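Per my numbering, the sequence shown starts with residue 17, numbered consecutively. Even for Gly, the Cβ is constructed at its ideal location relative to N, Cα and C. Given the structure is predicted, the values throughout are model-derived calculations rather than measurements.
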Amino acid sequence: MERSYLIRREMLQPKAQTNTNRAVINCTRENLCEQWLKFTKELHGLSEGEMVLAGKFLDKRIELKEKITDDELLDEYLQSTKVRQAIKEAANVKNTNVFQNMLSNLRKKGFLIEGDRINKAFIPNISGDAKFFKVEIIFKIDG
Numbered sequence: 017m018e019r020s021y022l023i024r025r026e027m028l029q030p031k032a033q034t035n036t037n038r039a040v041i042n043c044t045r046e047n048l049c050e051q052w053l054k055f056t057k058e059l060h061g062l063s064e065g066e067m068v069l070a071g072k073f074l075d076k077r078i079e080l081k082e083k084i085t086d087d088e089l090l091d092e093y094l095q096s097t098k099v100r101q102a103i104k105e106a107a108n109v110k111n112t113n114v115f116q117n118m119l120s121n122l123r124k125k126g127f128l129i130e131g132d133r134i135n136k137a138f139i140p141n142i143s144g145d146a147k148f149f150k151v152e153i154i155f156k157i158d159g
């Protein structure tokens, strides 16, 4: 019995490759996008509050992507008053002026681009029912 366990474990954890490090970040489906934004913070510079709001936009986009496959329609629907109100509430933003200021900051920092669409560079490539999400970071040395 012990031996079969070791074989399965080895299959799940292959030997380390040269020039490769691996880390596992545990999260829930509800905080995946916020964790994604925290992990990539050096690439976008969003504040904590902006990451929470942006994470809720990404959560909603991933949820709706299962039903709306046309990206243009999906982007348009995400900007509807009904959806924005739901995102505002999910991010626990009480004041409308604060919400508008945060949206303005998301535009200035490139999260929201023309037409208030989410910049594709911020969208994790993940399906709604995924059990894991892998990120590959390549450090190009001297080049």
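The beta carbon of ARG133 lies closer than 6 angstroms to those of ASP91 in the same chain, with the five residues before and after it left out. In the three-state reduction of the DSSP assignment, ILE153 falls in the coil class. Within the same chain, ILE103, ALA106 and ALA107 come within 6 angstroms of LYS72 by CB-CB distance, once the 5 residues on both sides are set aside. With a contact defined as Cβ atoms closer than 8 angstroms, LEU74 and MET118 miss out at about 15 angstroms. Apart from the 5 residues on each side of it in sequence, ASN37 has no Cβ closer than 8 angstroms to any other Cβ in its chain. Within a 10 Å sphere around the beta-carbon of PHE148 sit fewer than 16 other beta-carbons, which makes this residue exposed. Comparing C-alpha distances from LYS136 to each of THR44, ILE78, GLU64 and GLU66 shows the shortest one belongs to ILE78. The alpha-carbon of GLN101 is positioned some 21 angstroms away from that of GLU82. Here DSSP, grouped into helix, strand and coil, assigns LEU89 to helix. By the Cβ neighbour-count rule, LYS57 is exposed, with fewer than 16 other Cβ atoms within 10 Å of its own. Inclusion of GLU66 and PHE127 in the CB contact set at 9 angstroms is warranted, their separation being smaller than that value.
In this model, LEU59 and ILE153 are separated by some 12 angstroms (Cα to Cα).
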